[in-house]
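Student:
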Amino acid sequence: MAVYAIADLHLSDSMDKSMDIFGKHWENHADKIEAAWRKLISSHDTVLIPGDISWAMKLSEAQPDLDRIGRLPGEKYMIRGNHDYWWSSINKVRSVLAPGLHAIQNDSFLLADGTAICGTRGWIVPGAAAYEQDDEKIYLREVGRLKLSLDHARDRGAERIIAMTHYPPFNDRQEPNEFTRLFTQYGVEQVVYGHLHGVGGVSYRVKELDGVQYKLTSCDYLRFVPALIREE
4 MAVYAIADLH
14 LSDSMDKSMD
24 IFGKHWENHA
34 DKIEAAWRKL
44 ISSHDTVLIP
54 GDISWAMKLS
64 EAQPDLDRIG
74 RLPGEKYMIR
84 GNHDYWWSSI
94 NKVRSVLAPG
104 LHAIQNDSFL
114 LADGTAICGT
124 RGWIVPGAAA
134 YEQDDEKIYL
144 REVGRLKLSL
154 DHARDRGAER
164 IIAMTHYPPF
174 NDRQEPNEFT
184 RLFTQYGVEQ
194 VVYGHLHGVG
204 GVSYRVKELD
214 GVQYKLTSCD
224 YLRFVPALIR
234 EE
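So in my numbering, spot 109 of the sequence shown is number 112, and the numbers just go up one at a time.
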């Protein structure tokens, strides 16, 4: 079982929301992702999706996008991104997901080999240029949600942990914060994240901090090919 990750799918099968306005490389991006996915990934593999899944505003509008992901091979685990406005209550989201597609919120999933998949959306962190006092409440709430997810994994006897955030879990100077401290404290092996596009990701291409491996997995950064996180 190999583990892959790809964030920021930005699907829009039920609405006219093209990503082409962000550059020619985005043309037919959903088809590019699907083609690469089917070439690389088998039914025995795991795929992590760190948010920004669909442009839909309502869960019913997101259904075609979720069904498209559900038809792809592999066991798939996703968290909410900042553009996933369709993501309502976790019970409602889970009720419409195809078998093999799983949503994480305040909890975790345990793979057959003892690896737990954890995650939360995250938020702008202290020290980031855009961080303001009003962000503190949301930042701390997301820290709490991450801790709930990690505690859930530990309570289930996880042998190792891979985590997802949508927002990068550090600022562009890679300064420690409550997210990174939790990852280190709980012995998380790898963290995958997205949110950043184009040149915005250059300062965030961090490979290791305090023993934790980090990887930016925005789909355009990956050239629309799921990244191999862990080999079989």
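In this text, a Cβ means the ideal position worked out from N, Cα and C, and glycines have one as well.
#1: Buried or exposed, going by whether 16 or more other CB atoms sit within 10 Å of the CB of glutamine 108?
#2: Could you name the residues that DSSP lists as bridge partners for methionine 81?
#3: Between the alpha carbons of leucine 43 and leucine 100, how many angstroms are there, rounded?
#4: What is the residue span of the beta strand (DSSP E) that alanine 38 lies within?
#5: Would you check if the stretch 153-160 and the stretch 132-142 touch, i.e. whether three or more CB-CB distances between them fall below 8 Å?
#6: What do you get for glutamine 193, buried or exposed, if any count of 16 or more other CB atoms within 10 angstroms of its CB means buried?
#7: Please report how far the alpha carbon of proline 229 lies from the alpha carbon of phenylalanine 173, in whole angstroms.
#8: Can you give me the start and stop residues for the beta strand (DSSP E) that arginine 163 sits inside?
#9: Here's the rule I'm using: 16 or more other beta-carbon atoms within 10 Å means buried, otherwise exposed. How should methionine 167 be labelled?
#10: By the three-class DSSP mapping on this structure, what secondary structure does serine 63 have?
#11: When burial is assigned at 16 or more other CB atoms within 10 Å of the CB, is serine 46 buried or exposed?
#12: Quick one: what does DSSP say arginine 233 is sitting in, helix, strand or coil?
#13: Between leucine 231 and the rest of its own chain, which residues show a CB-CB distance below 7 Å, the 5 nearest in sequence each way excluded?
#14: Could you pull out every residue in the same chain whose Cβ sits closer than 6 Å to the Cβ of lysine 218, ignoring the five residues on either side in sequence?
#15: Classify leucine 143: buried if its beta carbon has 16 or more other beta carbons within 10 angstroms, exposed otherwise.
#16: Following the continuous alpha helix (DSSP H) through lysine 210, name the residue where it begins and the one where it ends.
#17: So, are the CB atoms of isoleucine 9 and isoleucine 52 less than 8 Å apart?
#18: Short of 7 Å in beta carbon distance, which residues of its chain neighbour aspartate 154, apart from the five on each side in sequence? Order them along the chain.
#19: Could you compute how far the alpha carbon of isoleucine 120 sits from the alpha carbon of tryptophan 126?
#20: Which runs of the beta strand (DSSP E), 3 residues or longer, sit entirely within the stretch 115-202?
#21: When DSSP builds the beta bridges, which residues end up paired with leucine 273?
#22: Measure from the alpha carbon of aspartate 48 to the alpha carbon of each residue in Ala115, Asp68 and Ser63, then state which is nearest.
#23: Hey, quick one: how far does the beta strand (DSSP E) through valine 6 stretch, first residue to last?
#24: Give the secondary structure of serine 221 by DSSP, where H, G and I count as helix, E and B as strand, and everything else as coil.
Tutor: So, from the listed chains and residues:
#1: buried
#2: Ile52 and Ala106
#3: 23 Å
#4: No beta strand (DSSP E) holds alanine 38; the alpha helix (DSSP H) holding it covers 32-43.
#5: no
#6: buried
#7: 22 Å
#8: 163-168
#9: buried
#10: helix
#11: exposed
#12: strand
#13: Ala5 and Tyr7
#14: Val195
#15: exposed
#16: Here lysine 210 belongs to no alpha helix (DSSP H), and DSSP marks it neither H nor E.
#17: yes
#18: none
#19: 19 Å
#20: 118-123, 163-168 and 193-196
#21: In this structure the chain extends from 4 to 235, so residue 273 is not present and cannot be described.
#22: Ala115
#23: 6-8
#24: strand
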